[in-house]
Each structure stands twice: as structure tokens, then as C-alpha cells.
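Enquirer: Sequential numbering from 0 applies to the sequence shown in numbering that gives the first Met the number 0. Just so you know, even glycine gets a beta-carbon here, dropped at the ideal spot from N, CA and C. From a predicted model like this one, the values you see are computed outputs, not experimental measurements. Below is one structure. I have some questions about it.
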Amino acid sequence: MFYFSFCTALEVSDPNYENLHISGNENDVNVLKHIISQFDADIFAFQKSVGAYLDAPINISIAADKKEYKSWTGGKSSILEFSQAFYNQQTDTIYLRNPAELNNLVMLQRILLHEYIHHFVGYYWKNPPLWFNEGMAVYFSNDMGFDRELNFAKNFILGNSRTLNMMKYSYPRNQIEWESFYAKSGLAVKYIYLKKKIEFYRFWDLAKPEHDFDSAFLKAFLMSTAEFSTQFENYAKTHFRVEILLASSGMIWSILPLVLIAGVIRRKFINRKKLKVWEKEAEEFDNISSSAGAENAHSNAGALERENSVILPAKPKHSEGWSEVEGTESKRE
Numbered sequence: 000m001f002y003f004s005f006c007t008a009l010e011v012s013d014p015n016y017e018n019l020h021i022s023g024n025e026n027d028v029n030v031l032k033h034i035i036s037q038f039d040a041d042i043f044a045f046q047k048s049v050g051a052y053l054d055a056p057i058n059i060s061i062a063a064d065k066k067e068y069k070s071w072t073g074g075k076s077s078i079l080e081f082s083q084a085f086y087n088q089q090t091d092t093i094y095l096r097n098p099a100e101l102n103n104l105v106m107l108q109r110i111l112l113h114e115y116i117h118h119f120v121g122y123y124w125k126n127p128p129l130w131f132n133e134g135m136a137v138y139f140s141n142d143m144g145f146d147r148e149l150n151f152a153k154n155f156i157l158g159n160s161r162t163l164n165m166m167k168y169s170y171p172r173n174q175i176e177w178e179s180f181y182a183k184s185g186l187a188v189k190y191i192y193l194k195k196k197i198e199f200y201r202f203w204d205l206a207k208p209e210h211d212f213d214s215a216f217l218k219a220f221l222m223s224t225a226e227f228s229t230q231f232e233n234y235a236k237t238h239f240r241v242e243i244l245l246a247s248s249g250m251i252w253s254i255l256p257l258v259l260i261a262g263v264i265r266r267k268f269i270n271r272k273k274l275k276v277w278e279k280e281a282e283e284f285d286n287i288s289s290s291a292g293a294e295n296a297h298s299n300a301g302a303l304e305r306e307n308s309v310i311l312p313a314k315p316k317h318s319e320g321w322s323e324v325e326g327t328e329s330k331r332e
């Protein structure tokens, strides 16, 4: 069980809890009090999933506003400036944006669990790879969102995904790659947890404060982190595309209405072009029919005129006794 205590900027405290210290404005601290029981349940469920239980204090500092949060992230990694919260291992503190800036309490619960897992991993391992640290937090806080999977699927299929070995100590510099980084880290931990569960539990059985990560990983999984990086890439090439499609079925249903709308608009455009062509052809046919009708009428009129005319016999050019031979006249003897 995880125990908590509360403290506001006004030094208000609750003696019923002792392992979590929350500081901030009184109203903001009260918001967190409403979800503490769920936070406690989330922590217990996570610890049960990995088979390791931590009973160590942690602090949460709530920013009064954007300005204060920016003062906490200033001069640090740019990825922190765009974050909703971050964990500082030196102070054992989760620094949280003001709850008013977050969408809802469900998101707040997920963010707190995500940062707590960083605290959990950092307590046991002194040098965990960044992909493992973020992957644990992303996967076990159920933070594999639609945007992350979509971004990762696009980058992976296009061949723009970094290997785990390249994700050990630093985040991508390009902001548009961050979501893909989180997604791949989460999927790597998911792969370990589901495909190598015995080794996963063996690994956490070896966990102890500031234990060397690489040596424990080698002992539990019988391979180095570099070898696992290669194995995971090979697995991804043959399996990930199908898994991405299955995991992103919600994404497909979200896109489908847009595809249908685009199809309807395209069909209307094509039908409109066809209609114009048909109208033009009809107009040309009408013109041809009119011309043909006029010609037929003229022809019929000529035929009728010929039928009604009387052909008279030609008047003979000679009379009795006269004939015309080779242009000369002679008198019959």
C-alpha cells in the first residue's frame, strides 16, 4: 500500500498519509485529493504487474500557472517544455502543470502514473536505457495513444524509425519524431512483457536500488541490450505491420468516415463532369438532327416538285418532206 500526505503552499497537511507529499495552491491540491485513491490503486496494479513492490516517498509539485511551470523547465531539454509533467530523480519529485491546463481527471491520473513509473524505474536501476524507462512508463500507464501509434506506423513503414540501440541515452532532436519515439519504446516493453514474460519477471527479481541495468538484463534475458535491439528490429519487420493494423483498428474506424466523405465528394465531382459531357453531346446531337432535318425537308420538297411537274413531248423540228442530216437540210425526192 502506498501512503500519502498533503501540504499546500499554506502549510495545510493531512496526517493520515505519509509517503506522498503534494505542494501547490490549496485549490489545486484539493483537485489531486479527489483522485488519490485511484492513484493508489493504479500504483498497486502496476507493481503487481511487474512483481516488484516499492515503498519509498515521492513528492508532487503543482505549478500555479504556465509561468511557474516554464521556470521549472527553463534551460533543460526542449522536450520538457512541451510536457504535461516530468520527474526529477535528484529531488524525487513529479513536477506537474496546473490541473486547469489538462483536459480531464482521467488524463491527470495517467500522467501521474506515467511519472511515478519513472520514479520506480529510477529507484531500482542506475543506468536504464531511455527506451526502457519511457517504454515502461508509456506501456504500463496505458499511454499508447492514437497519435503515437499513427505516427510510429508512418515512420516505421517509411523506414524512418530509429533502432533501440540509438534510443538509449537521448530523445530525437526533431519534435515530430517524439511521438514515434514514445510509441516504439512502449511497443518494445510490450514485446518483452508479452513474449518474454518469464525473463521479464526474472529481470525484476534481480532489481535492487541502483543496480546495474545492463548486467541484470544480460543475466535475465541471456542477451545484451544491443542484441535485443537487433532481435526487436527483426521481429518488427515481420510482425509489426500486422500488429500496428490490429492495434490501430480504432484509427481505421476514425478515418473511415473521412474516406467515405471524400468518396462522395469525388463521385459528385465525376458525375458533374459526366453530366456536362452528356449535355454537350446532346446539344451536338440536336444540332446534327436539325441540320439533317433541314436537308431531308429540302430533298423531299425537290422530289415533290419533280413528281408534280408534267413532261411534254418535244416538238419535231421537221415537217413533211424535210429531214436534217449532219447539220444540213435536204428535200426528200
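Where are the alpha helix (DSSP H) runs, 4 residues long or more, that stay fully inside the stretch 16–44, in chain order?
Expert: Entirely contained in the stretch 16–44, the alpha helix (DSSP H) runs reaching 4 residues are, in chain order, 25–32.
Enquirer: Tell me, to the nearest whole angstrom, how far the beta carbon of L19 is from that of I59; I am working on the premise that it is less than 8 Å.
Expert: That pair is a contact at about 7 Å.
Enquirer: Can you round the beta-carbon distance between Q108 and Q37 to whole angstroms, since I take them to be within the 8 Å contact cut?
Expert: Contact holds; Cβ gap of about 6 Å.
Enquirer: What would DSSP say about T90, mapped onto helix, strand or coil?
Expert: Note: T90 maps to coil in three-state DSSP.
Enquirer: At which residues does the beta strand (DSSP E) containing I57 begin and terminate?
Expert: I57 -> beta strand (DSSP E) spans 57–61.
Enquirer: Determine the extent of the alpha helix (DSSP H) in which K195 is found, giving its start and end residues.
Expert: Where K195 is concerned, there is no enclosing alpha helix (DSSP H), given that its DSSP letter is neither H nor E.
Enquirer: Taking all protein chains shown into account, decide if L163 is buried (16 or more other Cβ within 10 angstroms of its Cβ) or exposed.
Expert: Flag for L163 reads buried.
Enquirer: Alpha carbon to alpha carbon, how far is D54 from M166? Give it in angstroms, no decimals.
Expert: C-alpha separation (whole angstroms): 30 Å.
Enquirer: Alpha carbons only, please: which of K65, D142, S223, T92 is nearest the one belonging to P98?
Expert: Here the closest residue by C-alpha is K65.
Enquirer: Tell me which same chain residues have a C-beta within less than 7 Å of the C-beta of I180, skipping the five on either side of it?
Expert: Here the sequence assigns Phe to residue 180, which means Ile is not the residue at that position. Excluding residues within five positions, the ones whose Cβ falls inside 7 Å are M166, Y170, P171.
Enquirer: Under DSSP, the alpha helix (DSSP H) around M135 begins and ends at which residues?
Expert: From DSSP, the alpha helix (DSSP H) with M135 extends over 129–139.
Enquirer: Given S140, which residues of its chain have a CB within under 7 Å of its CB, disregarding the five upstream and five downstream residues?
Expert: Closer than 7 Å at the Cβ level, and outside the excluded window around S140, lie R109, L112, H113, I116.
Enquirer: Considering only the alpha carbon of each residue, which of V263, T237, R265, A51 lies closest to R201?
Expert: Of the candidates V263, T237, R265, A51, the one whose C-alpha sits nearest the C-alpha of R201 is A51.
Enquirer: For G23, which option in A44, Y94, L157 has the closest C-alpha, if you only look at C-alpha atoms?
Expert: Per the Cα distances, Y94.
Enquirer: Please go through the same chain and pick out, in chain order, the residues whose beta-carbon is closer than 7 Å to the beta-carbon of K189, but skip the five residues on each side of it.
Expert: Y138, listed in sequence order.
Enquirer: Between the alpha carbons of N203 and W124, how many angstroms are there, rounded?
Expert: Rather than Asn, the amino acid found at residue 203 in this sequence is Trp. Each residue's alpha carbon lies about 10 Å from the other.
Enquirer: Start and end of the alpha helix (DSSP H) containing G158?
Expert: No alpha helix (DSSP H) holds G158; DSSP gives it neither H nor E.
Enquirer: Please tell me whether N126 has its Cβ less than 8 Å away from any Cβ of chain B.
Expert: Of the chains in the structure shown, none is chain B; there is only one protein chain.
Enquirer: DSSP on A337, reduced to helix/strand/coil?
Expert: Residue numbering for the chain in the displayed model covers 0 to 332; residue 337 lies beyond these limits and cannot be assessed.
Enquirer: For the alpha helix (DSSP H) containing Y170, name the first residue and the last one.
Expert: Here Y170 belongs to no alpha helix (DSSP H), and DSSP marks it neither H nor E.
Enquirer: In the DSSP assignment, the alpha helix (DSSP H) including R109 goes from what residue to what residue?
Expert: Note, R109: alpha helix (DSSP H), 104–123.
Enquirer: Which word fits M106, buried or exposed, when buried means at least 16 other C-beta atoms lie within 10 angstroms of its C-beta?
Expert: Exposed: under 16 other Cβ atoms inside 10 Å.
Enquirer: For S184, does the count of other Cβ atoms within 10 angstroms reach 16, so buried, or fall short, so exposed?
Expert: Buried.
Enquirer: Short of 6 Å in beta carbon distance, which residues of its chain neighbour F220, apart from the five on each side in sequence? Order them along the chain.
Expert: If we look at F220 and ignore the five residues flanking it on each side, its Cβ neighbours are E198.
Enquirer: Let me check one thing: in DSSP terms, what residues is T95 bridge-paired to?
Expert: Per the sequence shown, residue 95 should be read as Leu rather than Thr. In the DSSP output, where bridge partners are listed per residue, L95 has I61, A84.
Enquirer: Can you round the beta-carbon distance between D146 and E100 to whole angstroms, since I take them to be within the 8 Å contact cut?
Expert: At roughly 18 Å, the Cβ-Cβ gap does not stay under 8 Å, so D146 and E100 are not in contact.
Enquirer: Alpha carbon to alpha carbon, how far is I287 from G158?
Expert: In a straight line, the C-alpha of I287 is about 60 Å away from that of G158.
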